[in-house]
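Below: one structure, written as structure tokens.
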Amino acid sequence: MRETRADVTGGTSLERADSRSALMKFVDRLVSRKKPMTPAGVVSAPVYHERQLKELCALHALNNLFQDGKAFNKHMLDQICHSLSPDHLVNPHKSVLGLGNYDVNVIMAALQSKGFEAIWFDKRKDPSTIDLGKILGFILNVPNELKLAFLQFPLSRKHWVAVREVRQLVTEPYPSCEFYPGSRPRGEPPGLFFNLDSKLDAPMCIGGEDDVIKFLRDQAKSKEREIFIVVRQDVGKECYKPQLR
1 MRETRADVTG GTSLERADSR SALMKFVDRL VSRKKPMTPA GVVSAPVYHE
51 RQLKELCALH ALNNLFQDGK AFNKHMLDQI CHSLSPDHLV NPHKSVLGLG
101 NYDVNVIMAA LQSKGFEAIW FDKRKDPSTI DLGKILGFIL NVPNELKLAF
151 LQFPLSRKHW VAVREVRQLV TEPYPSCEFY PGSRPRGEPP GLFFNLDSKL
201 DAPMCIGGED DVIKFLRDQA KSKEREIFIV VRQDVGKECY KPQLR
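When we follow UniProt numbering, the leftmost residue of the sequence shown carries the number 1, and every step to the right adds one.
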């Protein structure tokens, strides 16, 4: 499994820069592939990003979402497949070739094993109805055209993508970041949202709350795309704003 860790390096104080310039500099440092140059006592906080291997996009999406390369592995997901359909000679929840291609049932069971659940987002609603402070992130199911060299085949498959928030910290003069294990603590300011698609070379910064809402609106326009909201099981459908549930 190939993976990259995008490390944070020190530099200009975010508080003394223009907001847009500071944001861009922070993102550049956040997704830099260079080895961090930080002084003793300052910890670099990387954004974990697994790259695509075989048909393991569901595995990559889960690990990217939890920011932990050890959260799940192929054997664990295969075991979930077997537990879902123990009596089937050919398991319907994964590729018959054993390359991955796990379905949504596997992802939901994997999340439940960690105390989370995936709530299907009704695209008739607007993404602004989601309380972004109460969620872990999103898993998207998007079309994935099969290609071989320069040829594109009409066979369409699905691809899993993780999107989540990264909170930016300012440790003078070295910017860093951290990750919420579930929902954002009450009173804490929002961070930046990143597209952690395993087909990307590096994490892609979407932006703040307004930007991720626009991103989700664009995704929801397609009939071929589905959005799942990942929340702790004790949050459930309370991930929607109270007046809009």
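Just so you know, even glycine gets a beta-carbon here, dropped at the ideal spot from N, CA and C.
It should be emphasised that the depicted structure is a prediction, and the values quoted were computed from it without experimental measurement.
Contact belief for residue i with residue j at Cβ below 8 Å, rounded distance in angstroms
| i | j | result |
| --- | --- | --- |
| L140 | V166 | Going by Cβ atoms, the distance from L140 to V166 rounds to 17 Å, so no, they are not a contact pair. |
| F72 | V231 | 18 Å between Cβ atoms; not a contact. |
| L132 | L65 | About 15 Å; that fails the 8 Å criterion. |
| A118 | F228 | 4 Å |
| Q52 | H60 | 7 Å |
| L84 | A110 | About 11 Å; that fails the 8 Å criterion. |
Beta carbon of residue i nearer than 8 Å to that of residue j
| i | j | result |
| --- | --- | --- |
| R217 | P86 | no |
| C81 | Y48 | no |
| V104 | R225 | no |
| P190 | G207 | no |
| C205 | F194 | yes |
| K134 | A220 | no |
| V106 | K94 | yes |
Exposure of residue i, with buried meaning 16 or more beta-carbon neighbours within 10 Å
| i | result |
| --- | --- |
| R164 | buried |
| H75 | exposed |
| P175 | Only weak support exists for where P175 lies, its pLDDT of 43 falling under 50; the value from the coordinates is given anyway. Under this definition P175 is a buried residue. |
| S222 | exposed |
| L155 | Bear in mind that the predicted position of L155 carries a pLDDT of just 48, short of 50, making it unreliable; the figure below should be weighed with that in mind. That one is exposed. |
| N88 | Correcting the residue type first, residue 88 is His in the shown sequence and not Asn. H88 should be labelled exposed. |
| K70 | exposed |
| K34 | Caution applies to K34, whose pLDDT of 41 falls short of 50 and renders its modelled position unreliable; the model cannot decide the point. |
| P242 | exposed |
Which listed residue (the options) has its alpha carbon closest to that of residue i
| i | options | result |
| --- | --- | --- |
| L56 | A118, A162, V231, G236 | A162 |
| D197 | V104, N144, A109 | N144 |
| L62 | T129, Q243, H159, S83 | H159 |
| Y240 | Q52, K94, L53, K125 | K125 |
| T129 | D201, Q79, I213, P203 | I213 |
| E238 | E50, K199, D78, F121 | F121 |
| Q233 | Q112, D78, D201, E50 | Q112 |
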